[in-house]
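Number of protein chains: 2
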Amino acid sequence: MNAGTEAPRRTRIQQEKRELILEAALEVFSTHGFRGSTIDQIAEAAGMSKPNLLYYFRRKEDIHETLMQRLLDTWLAPLRELDDIGDPMTELRSYIRRKLEMARDFPRESRLFANEILQGAPRIMPLLAGELKTLVDEKAAVIKGWMRAGKIARTDPWHLIFSIWATTQHYADFDVQVRAVLGPNRGGDGRFEDAARFLEQLFLDGLKPKS
Amino acid sequence: MNAGTEAPRRTRIQQEKRELILEAALEVFSTHGFRGSTIDQIAEAAGMSKPNLLYYFRRKEDIHETLMQRLLDTWLAPLRELDDIGDPMTELRSYIRRKLEMARDFPRESRLFANEILQGAPRIMPLLAGELKTLVDEKAAVIKGWMRAGKIARTDPWHLIFSIWATTQHYADFDVQVRAVLGPNRGGDGRFEDAARFLEQLFLDGLKPKS
DNA sequence: CAAATTTTTGACCGATTGGACAAACGTTAG
DNA sequence: CTAACGTTTGTCCAATCGGTCAAAAATTTG
Chain U
483 MNAGTEAPRR TRIQQEKREL ILEAALEVFS THGFRGSTID QIAEAAGMSK PNLLYYFRRK
543 EDIHETLMQR LLDTWLAPLR ELDDIGDPMT ELRSYIRRKL EMARDFPRES RLFANEILQG
603 APRIMPLLAG ELKTLVDEKA AVIKGWMRAG KIARTDPWHL IFSIWATTQH YADFDVQVRA
663 VLGPNRGGDG RFEDAARFLE QLFLDGLKPK S
Chain P
483 MNAGTEAPRR TRIQQEKREL ILEAALEVFS THGFRGSTID QIAEAAGMSK PNLLYYFRRK
543 EDIHETLMQR LLDTWLAPLR ELDDIGDPMT ELRSYIRRKL EMARDFPRES RLFANEILQG
603 APRIMPLLAG ELKTLVDEKA AVIKGWMRAG KIARTDPWHL IFSIWATTQH YADFDVQVRA
663 VLGPNRGGDG RFEDAARFLE QLFLDGLKPK S
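Quick mapping for you: the protein sequence lines, in order, are chains U and P.
Per the numbering used here, the very first residue in the first sequence carries number 483; after that it's consecutive.
Per the numbering used here, the very first residue in the second sequence carries number 483; after that it's consecutive.
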C-alpha cells in the first residue's frame, strides 16, 4: 500500500517555489500548449534559472501532470454540486452561471484543458474514460430523473451537459475571437453579463417567439 | 499595383505536390498545433524528404498561412449563406445543421482553427477584427430584423452566433472527450445525429417543460 | 560558531529543430 | 542528342530543446 505516493514532506521553500513554478507554467502552457512551451520560458516567467526549476520538477512532464491533476478537481467541482435537491431549473441555471464565472475567472485553466483535449488528450485519456465518464453518467441520471418527473423538457442529458460546457468555456477558450467580433464597445467587461443573460434565455426558452 | 501578389504560375507537379503538403500539414498542425509540429513530421506525412518539402514552401509559416487562408473561406461559408429570404427559424436550423455537418466532416479544419484561436490568434488577428467582424455584424443585423418582426425571440444576436459556433464545433474540437464520456455504445457514429436532435430542440424550445 | 543540509548557479551534453546549399537526378523542348 | 529547366536528395549548420552535474552559495540544525 501507499507505494509511489509517499508523503511529499516538503520544505517551506519547496512549497513556495513549487507554487511559483506551477503558476508560471499555467500561464505558459495555457497559451502555447505542452510541446509549444519550453522550460526556459517557464523558468523565466517564474523568475528563476532553468536548472533551478529542474531542481523542483525533474521533468517538464511532471509540471504539466501536477497542473492537470489539480485542474480537474476544481474544474469539475460545479458539476459535482449539481444535486437532486432543489428546483431542477434553478439547479441547471446556477450550474450554467457557475461555469460561466469560471470561464471568466479562470480562463487559463480552461485553455490548458482545451489544449490537452484538442491534441487528443494523450496525458489524461484514462481520466476522461474513467472518473469523468462516471461523474457525467451519474449526473445524467439525475437529469433524466427530472425529465421523467416532468420538471424539464425531455432531451439527451449527455448532450445537454456538452452544450453547457461548450457555450460557457467558449468565452474562455475563444476569448480573443469573442472580443475581436464584439469590438471595443461591446467586447469590454460587460460581455460576460451579456453572455449570462443570453445563455439563461437560450437554455430556458430557446428561440421560438413567444407570440 | 499587384505588388507581392503576382500570378503564381505553377507547374502541374508543383500544384500536385503543394496540395499533398497542405493535406499532410493539415493533419499534423491540427493535432499538434503550430509550434508542436515539425517540418519533418509534415514531410514524412506527405511522403517526401524535408528539403523537398522546403522546395515548395520556403518556410514552415508559409504552409500554415496558406492553410489558414483557405480555411477561413470554407469555414465561414455557412454563415455567409444565412440569408434574409426564407423562414427565419428554418434558416437558423439549417445553419446549425450545416455547422454540425462541418464539424463531423472537417474536424481537422475545426481543430486547426481552434488551435490558432486558443493561442491568441497571433497569425490571423487582423482577419478576426476585420473580415470576420464585418460578416458577423452583418448577419447579426439580419437576425435583429427577424427579432423585430417577431419571427424569433429577442436576444443578443452576437451571442446567439457564438453559441451556435460553440455547440457545433465542440463535437470536432472536443471529440476525444465526447467519445470518452459517451462510451463505446453511444459514442459511435450515431453521436452526431443525437447531437443534431438535441441542438434542434435546445435552440427551438429550450429546456422549459411543455407542461 | 560549525557541520549538515538545502538551494542556486554556470557550464555542459546529446538530440532535435528550422532551414541552406550544391550536387545529382529527371523531364522536356529544340 | 543536348541544353535548359524543374525536381530531389544528402549533407551540413546554427539555434534551441530537455536535461545533467559538480561546485558554489545559502540556509537550517546542532
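Built from N, CA and C at the ideal position, the CB exists for glycine as well.
Report the neighbours of residue i on chain U: residues whose CB is nearer than 9 Å to its CB, in chain order.
| i | result |
| --- | --- |
| residue 634 of chain P | 689, 690, 691 |
Tell me, please, whether the CB atom of residue i is closer than 8 Å to any CB atom in chain P?
| i | result |
| --- | --- |
| residue 676 of chain U | yes |
| residue 507 of chain U | no |
| residue 527 of chain U | no |
Mind pulling the chain P residues with CB within less than 8 Å of residue i?
| i | result |
| --- | --- |
| residue 601 of chain U | 513, 514, 515, 518 |
| residue 642 of chain U | 680, 684, 689 |
Since residue i meets chain P, which of its residues come closer than 7 Å, beta carbon to beta carbon?
| i | result |
| --- | --- |
| residue 615 of chain U | 662, 663, 665 |
| residue 618 of chain U | 663 |
| residue 593 of chain U | 600 |
| residue 649 of chain U | 645, 648, 649 |
Which bits of chain U does residue i rub up against, with CB to CB less than 8 Å?
| i | result |
| --- | --- |
| residue 576 of chain P | Within chain U, no residue comes near residue 576 of chain P; the closest Cβ sits about 14 Å away, beyond 8 Å. |
| residue 683 of chain P | 635, 637, 688 |
Please list, in chain order, the chain P residues whose beta carbon lies closer than 9 Å to that of residue i.
| i | result |
| --- | --- |
| residue 534 of chain U | In chain order: nothing, as chain P lies at least about 24 Å away. |
| residue 624 of chain U | Chain P residues near residue 624 of chain U: none, gap ~14 Å exceeds 9 Å. |
Within 8 Å (strictly less), CB to CB, does residue i reach chain U?
| i | result |
| --- | --- |
| residue 546 of chain P | no |
| residue 487 of chain P | Low confidence applies here, because residue 487 of chain P scores a pLDDT of 39, under 50, leaving its location unreliable and the question unanswered by this model. |
| residue 659 of chain P | yes |
| residue 637 of chain P | yes |
| residue 557 of chain P | no |
| residue 483 of chain P | Low confidence applies here, because residue 483 of chain P scores a pLDDT of 37, under 50, leaving its location unreliable and the question unanswered by this model. |
| residue 523 of chain P | no |
| residue 610 of chain P | yes |
| residue 585 of chain P | no |
What would DSSP say about residue i, mapped onto helix, strand or coil?
| i | result |
| --- | --- |
| residue 637 of chain U | coil |
| residue 683 of chain P | helix |
| residue 631 of chain P | coil |
| residue 623 of chain P | helix |
| residue 605 of chain U | coil |
| residue 676 of chain P | helix |
| residue 671 of chain U | coil |
| residue 644 of chain U | helix |
| residue 690 of chain U | coil |
| residue 588 of chain P | coil |
| residue 595 of chain P | helix |
By the criterion of Cβ-Cβ separation under 7 Å, what are the contact partners of residue i in chain U?
| i | result |
| --- | --- |
| residue 656 of chain P | 599 |
Which ranges does the alpha helix (DSSP H) cover as unbroken runs of at least 4 residues, wholly within the stretch 486-571 of chain U, from first to last along the chain? 494-518, 521-528, 532-538, 542-563
Can we say the stretch 673-688 of chain P touches the stretch 636-647 of chain U, given the rule of at least three CB pairs closer than 8 Å? yes
Stretch-stretch touch, CB-based, cutoff 8 Å, three pairs: the stretch 548-555 of chain P with the stretch 581-595 of chain P: yes
Are at least three pairs of beta-carbons, each pair with one atom in the stretch 576-593 of chain P and one in the stretch 552-561 of chain P, less than 8 Å apart? As far as the Cβ criterion goes, the stretch 576-593 of chain P touches the stretch 552-561 of chain P, which means the pair count is three or higher.
If you pair each beta-carbon of the stretch 512-528 of chain P with each one of the stretch 559-572 of chain P, do three or more pairs fall below 8 Å? Contact between the stretch 512-528 of chain P and the stretch 559-572 of chain P is absent, because fewer than three Cβ pairs lie under 8 Å.
Decide yes or no for the touch test of the stretch 599-611 of chain U against the stretch 606-622 of chain P: beta carbon pairs closer than 8 Å, at least 3 of them. no
At least three beta-carbon pairs within less than 8 Å, the stretch 660-673 of chain U to the stretch 613-620 of chain P: yes
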